[in-house]
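Please read the structure below before turning to the comments.
There are 2 protein chains.
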Amino acid sequence: MTEPALMASKSEQAYSAVKARISDGTYSPGHRLVLARLAHDLGVSVVPVREAIRRLEAEGLVTFQRNIGATVAGIDPTEYLYTMQTLSIVEGAATALSAPLIGPAGLDRARAVNSEMRACLQDFDPVRFTRLNQDFHSVLFEHCPNPHLLDLVHRGWTRLASMRSSTFRFVPGRASESVTEHDALLDLIGSGAGADVIERAARLHRSATLDAYLARTGADNS
Amino acid sequence: MTEPALMASKSEQAYSAVKARISDGTYSPGHRLVLARLAHDLGVSVVPVREAIRRLEAEGLVTFQRNIGATVAGIDPTEYLYTMQTLSIVEGAATALSAPLIGPAGLDRARAVNSEMRACLQDFDPVRFTRLNQDFHSVLFEHCPNPHLLDLVHRGWTRLASMRSSTFRFVPGRASESVTEHDALLDLIGSGAGADVIERAARLHRSATLDAYLARTGADNS
DNA sequence: GGATATGAAATCGTATACGAACGTTAGGGC
DNA sequence: GCCCTAACGTTCGTATACGATTTCATATCC
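Top line first, the protein sequences correspond to chains A and B.
The first sequence begins at 1061 in the numbering used here and counts up one residue at a time.
The second sequence begins at 1061 in the numbering used here and counts up one residue at a time.
Laid out in structure tokens, this is it:
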């Protein structure tokens, strides 16, 4: 049996390729995405490319205007803030739902990942830190009973990642805060706290980074 | 200037048409959506139809399998429950964010709409009731500062509507509860309660209907 | 000189066509 | 009788082609 990954449709290829190029900054915000050019570059025709672009539009990674074309979505700071706020809400709820189902083994794994993250801080390895951060949330939400909610979390993540890659850098102070908050959250979950308390704590974590962001942009403007 | 509605692209037409037919029950869950047939029925070619179907897939209204085709998404009761739960979370947060910005005028308008809903209950007019319910939330979320969050609310709404239309009927008891809860929520907002209290209240409203749903399906099975 | 009309170039939107993948059914072998 | 295989029909996936729309540069008029 051939692997389904190799059998990916042209549309899927185009989607992944363009998404990757947006995420890694090859296509920076405002970059014009011309269907014919993309089709030529990717070695496919315009139809699958168009489908890919529309999907990316639905995810908020590109803006699309009828008869005009598509551009990589700009990073409106306000928009960024709203996305973070939304993510904090959804992630907080997902955490609260997942908490009672994690179990001691999962808790230990999450702690282990967080320890690695702490180590990354000293080695100053932002790429690895980001991947571990994703792993952490994977473990946390592994048993989340609500797949629909989880889907919203993932969408928020990819959107935020696409916004952050090009303009916002890795901020050691904020990352360090994250690790500390993660530990506190895990302790809270281990203590068998109620859903409300856990959700509040999970949200506060995100709010702290949001406040940090506001403080930073405020400092930039002064 | 011609109205943009008349200038809608074929793709948009197809999207609206299929969505409407799913919502009103013309295409019931499990119905096979054949691209060529739809294209013929709608008087367009398959390319825009395909795009419309993929958009509907992204919204969860249809399921799509590669090289197999699309079908109207089934109404897995569990899925329905998860969607409601997610909606309760998102709607609760949106309510909390909107509450401080509604103002006395908006509050009065919301109360007026809710009164109409109460009247509808006596006249037994489910269609009008549903529309007024949408109006109520429109007023409530009119000044919601987070458009991204609001988008999630709307997506949840349409998804729920598509699931409900075909199988779940209008339940007077639940509708009556809604109206009462709406009034309580508006009083709470008017009293200047904190965001946490309001969010909790808004969520409880949805939870009540969720419980009602569970009780009803439980009764059906016995 | 500035504003407006006009043309060409670029790009999108969609129809059509054909190849590929999947499900099904008929036929033959065990 | 059952299973395996092969041919068929159906439907999707994508390339290509062409019409529609927008944009930009140029020329013209006031």
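We treat Cβ as the ideally placed atom computed from N, Cα and C, and that holds for glycine.
Applying the 10 Å Cβ sphere with the 16-neighbour rule, what's the burial state of residue i?
{"i": "A1165 (chain A)", "result": "exposed"}
{"i": "I1216 (chain B)", "result": "Note that residue 1216 (chain B) corresponds to Gly in the displayed sequence, not to Ile. Per the 10 Å Cβ criterion, buried."}
{"i": "G1187 (chain B)", "result": "At residue 1187 (chain B) the sequence reads Val, which differs from the Gly that was named. Counting Cβ neighbours within 10 Å, V1187 (chain B) comes out exposed, since fewer than 16 surround it."}
{"i": "P1089 (chain B)", "result": "buried"}
{"i": "A1065 (chain A)", "result": "Note on A1065 (chain A): pLDDT 45, under 50, position unreliable in the model; the coordinate value appears next. With fewer than 16 other Cβ atoms within 10 Å, it is exposed."}
{"i": "R1219 (chain A)", "result": "buried"}
{"i": "R1126 (chain B)", "result": "exposed"}
{"i": "D1280 (chain A)", "result": "Note on D1280 (chain A): pLDDT 46, under 50, position unreliable in the model; no value is reported."}
{"i": "Y1172 (chain B)", "result": "Going by the sequence as given, residue 1172 (chain B) is Ala instead of Tyr. Exposed is the call here."}
{"i": "Q1182 (chain A)", "result": "exposed"}
{"i": "T1146 (chain B)", "result": "buried"}
{"i": "A1244 (chain B)", "result": "exposed"}
{"i": "T1062 (chain A)", "result": "Since pLDDT at T1062 (chain A) reaches only 36, below the 50 mark, its modelled position is unreliable, and no value is offered."}
{"i": "R1022 (chain B)", "result": "Lying before the first or after the last residue shown, residue 1022 (chain B) is absent from chain B, which here runs from 1061 to 1282."}
{"i": "G1278 (chain B)", "result": "Caution applies to G1278 (chain B), whose pLDDT of 49 falls short of 50 and renders its modelled position unreliable; the model cannot decide the point."}
{"i": "M1284 (chain A)", "result": "Shown here, chain A extends from 1061 to 1282; a query on residue 1284 (chain A) therefore has no answer."}
{"i": "H1197 (chain B)", "result": "buried"}
{"i": "A1156 (chain A)", "result": "buried"}
{"i": "H1214 (chain A)", "result": "exposed"}
{"i": "H1242 (chain B)", "result": "buried"}
{"i": "S1071 (chain B)", "result": "buried"}
{"i": "D1184 (chain B)", "result": "Note that residue 1184 (chain B) is Phe in the sequence shown, not Asp. The residue in question, F1184 (chain B), is exposed, as its Cβ has fewer than 16 Cβ neighbours within 10 Å."}
{"i": "R1097 (chain B)", "result": "exposed"}
{"i": "L1246 (chain A)", "result": "buried"}
{"i": "H1208 (chain A)", "result": "buried"}
{"i": "S1148 (chain B)", "result": "buried"}
{"i": "S1158 (chain A)", "result": "buried"}
{"i": "I1128 (chain B)", "result": "exposed"}
{"i": "S1222 (chain A)", "result": "buried"}
{"i": "L1192 (chain A)", "result": "buried"}
Please list the partners that residue i has in chain A, where partner means a Cβ-to-Cβ separation under 9 Å.
{"i": "Y1142 (chain B)", "result": "P1205, N1206, P1207, H1208 and L1209"}
{"i": "L1095 (chain B)", "result": "Per Cβ cutoff of 9 Å: no residues; L1095 (chain B) is ~13 Å from chain A at best."}
I want to verify the contact list: residues of chain A whose CB lies under 8 Å from the CB of residue i, in sequence order.
{"i": "R1115 (chain B)", "result": "R1114 and A1118"}
{"i": "L1220 (chain B)", "result": "Correct list: empty, because the minimum Cβ distance to chain A is about 11 Å."}
{"i": "L1102 (chain B)", "result": "Per Cβ cutoff of 8 Å: no residues; L1102 (chain B) is ~18 Å from chain A at best."}
{"i": "L1167 (chain B)", "result": "By Cβ distance, chain A contributes nothing, its closest Cβ being about 24 Å from L1167 (chain B), past 8 Å."}
Quick one: list the residues of chain B neighbouring residue i, beta-carbon separation under 9 Å, in chain order.
{"i": "E1111 (chain A)", "result": "R1110, E1111 and R1114"}
{"i": "L1098 (chain A)", "result": "Under the 9 Å cutoff, chain B gives no residues; its nearest Cβ is about 17 Å from L1098 (chain A)."}
List, in chain order, every chain B residue whose beta-carbon is nearer than 8 Å to that of residue i.
{"i": "L1200 (chain A)", "result": "Correct list: empty, because the minimum Cβ distance to chain B is about 17 Å."}
{"i": "V1107 (chain A)", "result": "V1107"}
{"i": "L1161 (chain A)", "result": "Result: empty, since nearest Cβ-Cβ is about 15 Å, beyond 8 Å."}
{"i": "L1121 (chain A)", "result": "The premise fails here: L1121 (chain A) is roughly 13 Å from chain B at the closest Cβ pair, so nothing lies under 8 Å."}
{"i": "L1192 (chain A)", "result": "What L1192 (chain A) touches in chain B: nothing, since even the nearest Cβ is about 27 Å away."}
What does residue i touch in chain A if you count any residue whose Cβ is under 7 Å from its own?
{"i": "A1153 (chain B)", "result": "I1149"}
Can you pull the chain B neighbours of residue i, defined as C-beta to C-beta under 7 Å?
{"i": "S1069 (chain A)", "result": "R1126"}
- Message: Could you tell me which whole alpha helix (DSSP H) segments of length 4 or greater appear in the region 1196-1258 of chain B?
- Response: 1207-1227 and 1232-1250
- Message: Using a Cβ-Cβ cutoff of 7 Å, what residues of the region 1123-1149 of chain B are near chain A? List them in chain order.
- Response: R1126, Y1142, T1143, Q1145, T1146 and I1149
- Could you name the residues of the region 1172-1188 of chain B whose beta carbon sits closer than 7 Å to any beta carbon of chain A, in the order they occur along the chain? none
- Can you check the region 1121-1198 of chain A for any beta strand (DSSP E) of at least 3 residues that lies completely inside it and give the ranges in chain order? 1122-1125 and 1129-1132
- Pairing CB atoms from the region 1234-1246 of chain A with CB atoms from the region 1141-1149 of chain A, are three or more of them under 8 Å? no
- Query: Do the region 1074-1092 of chain A and the region 1118-1133 of chain A meet, that is, are 3 or more Cβ pairs less than 8 Å apart?
  - Reply: yes
- Examine the Cβ distances between the region 1146-1162 of chain A and the region 1244-1262 of chain A and report whether three or more of them are shorter than 8 Å. yes
- Item | Residues, ordered as in the chain, of the region 1240-1268 of chain A that lie near chain B by beta-carbon distance below 7 Å | none
- Item | 4-residue-minimum alpha helix (DSSP H) runs that sit fully inside the region 1072-1126 of chain A, ordered along the chain | 1095-1102 and 1106-1118
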